[in-house]
Amino acid sequence: MIPVKCTEQQRAAYTKAIIDQWHAATADQKARGLQWYATAHEFAAEIAAGETHKGAGVLAALSANKSWAENCRLARKAFAEGRASGHVRDAITKANRIMEGTDPSEVLPMHLKTGAFYVCIADPENPDAVVIDRHAHDIAVREIYGQRDRGLGAVGRYNLLADCYRAAARDIGEVPSKVQAVTWVAHIERSR
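The sequence shown lines up with residues 98 to 289 when you count with our numbering.
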């Protein structure tokens, strides 16, 4: 597990790893990654009958430990049936509260992955939000952790990696969520 408080040298190494993964992405991977959150934004609007924030919130609430395809299926089903299902109780409760009208920012942990995922889907051009999931972590540390704990529930560790993605995004000249999405697409496709 990476340290919560790291040296500037470690921070620079994580940032460089992200930048290297960006540059290693193919043109096709970059194109798809750059559009990833915009496409998710459109899907959120579609499933929630134009209430994009609500759709983004439900997608985020139902995202933990699910593939994107399964996440989309569960969110679409929740809106079609008027109730979430097919996930752990906490995720279902959050999704249902959002569908009932509670602002997603009052339901989701805004300082961690699901909160950031909501923001990135709701506002794909947000200049600050970035999703740190297991893949984003593994990209930054240049190691696939597999089933080992990454410690991303620790706000300090999460923020450290989010800051590295923001630094990489400044260097690249892109918003952090797009850097994360491009590197995620390239990483996932290389891992297969």
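No residue lacks a Cβ here, since even glycine has one placed at the ideal position from N, Cα and C. These numbers come from a predicted model, not from an experiment.
DSSP state of residue i, grouped into three classes?
i      : result
Ile200 : It should be noted that the sequence gives Asp, not Ile, for residue 200. Three-state DSSP puts Asp200 in coil, outside helix and strand.
Ile116 : helix
Ala264 : helix
His150 : helix
Tyr242 : coil
Ala44  : In the structure displayed, the chain extends from 98 to 289; residue 44 sits before or after that span and is not available.
Cys217 : helix
His234 : helix
Asp225 : coil
Arg129 : helix
Arg254 : helix
If you follow the alpha helix (DSSP H) that residue i is in, where does it begin and where does it stop?
i      : result
Pro273 : Pro273 to Ser288
Ala177 : Trp165 to Glu178
Could you tell me the alpha carbon to alpha carbon distance between residue i and residue j, rounded to whole angstroms?
i      : j      : result
Glu105 : Asn162 : 32 Å
Ala213 : Val252 : 12 Å
Phe176 : Ser202 : 19 Å
Thr149 : His184 : 22 Å
Ser291 : Val238 : The shown model of the chain, from 98 to 289, leaves out residue 291, and the question about it has no answer.
Gly243 : Trp165 : 18 Å
Asp125 : Asp235 : 22 Å
Gly152 : His138 : 8 Å
Ala122 : Arg173 : 31 Å
Arg287 : Thr112 : 19 Å
Tyr255 : Cys261 : 10 Å
Glu167 : Leu156 : 10 Å
Pro224 : Arg263 : 9 Å
Gly179 : Phe140 : 17 Å
Ala110 : Pro100 : 13 Å
Leu142 : Thr199 : According to the sequence provided, residue 142 is Ala. The question's Leu does not apply to it. Each residue's Cα considered, the two are about 17 Å apart.
Leu171 : Tyr215 : 16 Å
Excluding the 5 residues flanking residue i on each side, which residues of the same chain have their C-beta closer than 6 Å to its C-beta?
i      : result
Ala259 : Val227 and Ile229
Lys127 : Val279
In chain order, what residues of the same chain have a beta carbon less than 7 Å from the beta carbon of residue i, not counting five sequence neighbours either side?
i      : result
Ile116 : Ala265, Asp268 and Ile269
Ile189 : Ala181 and Ser182
His232 : Trp281, His284 and Ile285
Keeping to the same chain, check which residues put their C-beta closer than 8 Å to that of residue i; ignore five residues upstream and five downstream.
i      : result
Tyr86  : Outside the displayed span of the chain (98 to 289) sits residue 86, for which this structure offers no information.
Asp246 : Met98
Val204 : Gly154, Ala158, Lys191, Arg194 and Ile195
Measure from the alpha carbon of residue i to the alpha carbon of each residue in the options, then state which is nearest.
i      : options                           : result
Lys102 : Arg263, Ser288, Gly248 and His284 : Gly248
Met196 : Ala146, Ala122, Cys261 and Val272 : Ala146
His284 : Pro100, Arg129 and Ala109         : Arg129
Val282 : Arg170, Gln118 and Tyr242         : Gln118
Gly250 : Thr211, Ala122 and Gln126         : Thr211
Glu271 : His120, Gly152 and Glu167         : His120
Leu257 : Gln132, Gly198 and His208         : His208
Ile241 : Arg254, Ala114, Glu143 and Cys261 : Ala114
Asp187 : Pro206, Gly198 and Ala110         : Pro206
Compare the C-beta of residue i against all C-beta atoms of chain C and say whether one is closer than 8 Å.
i      : result
Ala124 : Among the chains in the structure shown there is no chain C, since it carries only a single protein chain.
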